[in-house]
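Asker: Sharing a structure here in structure tokens format.
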Amino acid sequence: MIIFRVCSSNGKSYDGIYLDKTGEKDMDLIKQCLTTKYATFSDRASRKEYWGFVLFYMSFLVVSVIILGATGGGEWGVLISGILSLLLGILSLLLVIPSLAVYIRRLHDTDHSAWWLFIAFVPIIGAIVMLYFLVIKGTEGTNRFGPDPLEK
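In the numbering used here, the protein residues as written are 245 to 396.
Encoded structure:
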């Protein structure tokens, strides 16, 4: 089962995260972001690695909000909701570093330094520029930040 599909301008389509054996490589990219590349700010990240991690992170947040919403009400509901809020807050803090790392590695793939991250603080224009950097194809071959992640 494919969760999402991205179609490029050249007519090729790129499938997102799979939920069957054919997509194990996609899940490995997310596992790498959370384990071996947890705090790796050098190197490069492909679009698939970045957007796969973003999908994972957003899914985590949506499920967290649903769980918190379902536990409200009554004395025990407030207690359980408080405990879950604390646990989810800790998990969210633990995901800040890999999110920032994959974000910076994605900028590196497009041959931009991590300092471009701060353009996101410019209202409207900054968000558009950052979205453009995150969506475009990375530089082919080796750039100043390392080898092409698609060639590995």
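Glycine included, each C-beta is placed from N, C-alpha and C at the ideal position.
For V379 and R291, what's the separation of their Cα atoms in angstroms?
Answerer: For this step, residue 379 is matched to residue 135 along the sequence shown. For this step, residue 291 is matched to residue 47 along the sequence shown. Near 7 Å, if we compare the C-alpha coordinates of R291 and V379.
Asker: Taking 8 Å as the threshold (C-beta atoms), are C277 and V346 in contact?
Answerer: Here residue 346 refers to the residue found at position 102 when the sequence shown is read from its first residue. Here residue 277 refers to the residue found at position 33 when the sequence shown is read from its first residue. A contact, by the Cβ cut-off of 8 Å.
Asker: Going along the chain, which unbroken runs of the alpha helix (DSSP H) with 4 or more residues stay wholly within the region 320–369?
Answerer: Runs found: 340–353.
Asker: I'd like the list of long-range same chain contacts for A371, defined as Cβ closer than 8 Å, with 5 residues on each side in sequence excluded.
Answerer: Translated into the one-based positions of the sequence shown, residue 371 becomes position 127. Once the five neighbours on either side are set aside, the close Cβ partners of A371 are A364.
Asker: Nearest-angstrom Cα distance between T266 and F362?
Answerer: Indexing the sequence shown from 1 puts residue 266 at position 22. Indexing the sequence shown from 1 puts residue 362 at position 118. For T266, the pLDDT reaches just 47, beneath the cut-off of 50, and the residue's location in the model is therefore unreliable, although a value from the coordinates is still provided. Those two C-alpha atoms are separated by around 38 Å.
Asker: Mark I369 as exposed unless 16 or more other C-beta atoms lie within 10 angstroms of its C-beta, in which case mark it buried.
Answerer: Residue numbering aside, residue 369 sits at position 125 when the sequence shown is read from its first letter. Flag for I369 reads exposed.
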